[in-house]
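Numbering (the numbering used here), first residue to last: 532 to 765.
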């Protein structure tokens, strides 16, 4: 039996490093943001590499759902799915999600907003994915890990995560060779330079972040969603 781990994260998190971590397991295959093309096609949003993304992935969410819940070539023990919560638009059916084992990667809103503001000046709450993440958690449950905890103690936090998922921890998850990966999305050249240079999780930076004044209301709006999820973190 293959455990289909759907890891739900918002943007400006350590989601790609987490995909590297799981992808380093010998028993795991990974897929990178499989709903991205659907999201771009449905919203019309212009992201770097838009046309390449639209050409590389199915643009119907039904086709994506069938792939994520259908046979997995090679029959791996773990099928790791890196998801962005904001890609799960309201019109996407939710029934197929019941076939997945859900997990949640959260990050403090101040850090997310400060980081996001550097690449997109006026993010919205939906852009950050906090409401969608809470919706999935309330509907399906699953283990929650905080990015800060992963960075502070990767072995301990990932060990707890793997135990909660019922897949067993693997030391290979703590380090990886630099460079691109076959599972990386076609958007990797635009976003993954730092991850491609990495050989493991970075160090946790406890310093407070500076959020632009105009975006402080966004942090305040996101905080209750984060707090609810954080109360359940491993």
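By construction, the Cβ of each residue, glycine as well, lies at the ideal position given by its N, Cα and C atoms.
Owing to the predicted nature of the structure, the values given are computational and were not obtained by experimental measurement.
How many whole angstroms separate the CB atoms of residue i and residue j, which I take to be in contact at a CB cut-off of 8 Å?
i, j, result
"residue 760", "residue 663", "Not confirmed; about 12 Å, so no contact."
"residue 715", "residue 556", "Actually they are not in contact, since the Cβ atoms of residue 715 and residue 556 sit about 16 Å apart, beyond 8 Å."
"residue 661", "residue 569", "So it is not a contact: roughly 20 Å between Cβ atoms."
"residue 692", "residue 676", "5 Å"
"residue 618", "residue 564", "7 Å"
"residue 711", "residue 724", "The pair is not a contact, with the Cβ atoms about 10 Å apart (cut-off 8 Å)."
"residue 579", "residue 647", "At roughly 15 Å, the Cβ-Cβ gap does not stay under 8 Å, so residue 579 and residue 647 are not in contact."
"residue 610", "residue 560", "6 Å"
"residue 726", "residue 587", "The pair is not a contact, with the Cβ atoms about 19 Å apart (cut-off 8 Å)."
Of the choices the options, whose alpha-carbon is the least far from that of residue i?
i, options, result
"residue 762", "635, 730 and 542", "635"
"residue 641", "710, 754 and 765", "754"
"residue 649", "741, 561, 626 and 679", "741"
"residue 552", "574, 730, 739 and 745", "730"
"residue 728", "708, 745, 744 and 654", "708"
"residue 734", "542, 534, 671 and 548", "548"
"residue 567", "585, 554 and 603", "585"
"residue 679", "668, 765 and 624", "765"
"residue 623", "605, 608, 597 and 533", "597"
"residue 736", "748, 703, 689 and 638", "638"
"residue 671", "713, 657, 644 and 628", "628"
"residue 572", "591, 561 and 633", "591"
"residue 749", "631, 595 and 645", "645"
"residue 606", "738, 699, 533 and 694", "533"
"residue 625", "651, 751 and 668", "668"
"residue 539", "631, 582, 706 and 747", "631"
Could you please give me the residues that DSSP links to residue i through a beta bridge?
i, result
"residue 613", "538 and 563"
"residue 633", "537"
"residue 665", "The partner list for residue 665 (beta bridge, DSSP) is empty, contrary to what the question assumes."
"residue 683", "DSSP lists no partner for residue 683."
"residue 764", "675"
My output table needs one value for residue i: the three-state DSSP class, helix, strand or coil.
i, result
"residue 688", "helix"
"residue 574", "helix"
"residue 655", "coil"
"residue 676", "strand"
"residue 556", "coil"
"residue 607", "coil"
"residue 708", "coil"
"residue 622", "coil"
"residue 738", "coil"
"residue 650", "coil"
"residue 589", "coil"
"residue 543", "coil"
"residue 744", "helix"
Can you say whether residue i is buried or exposed, counting buried as having 16 or more other CB atoms within 10 angstroms of its CB?
i, result
"residue 721", "exposed"
"residue 621", "exposed"
"residue 745", "exposed"
"residue 655", "exposed"
"residue 601", "exposed"
"residue 537", "buried"
"residue 613", "buried"
"residue 674", "buried"
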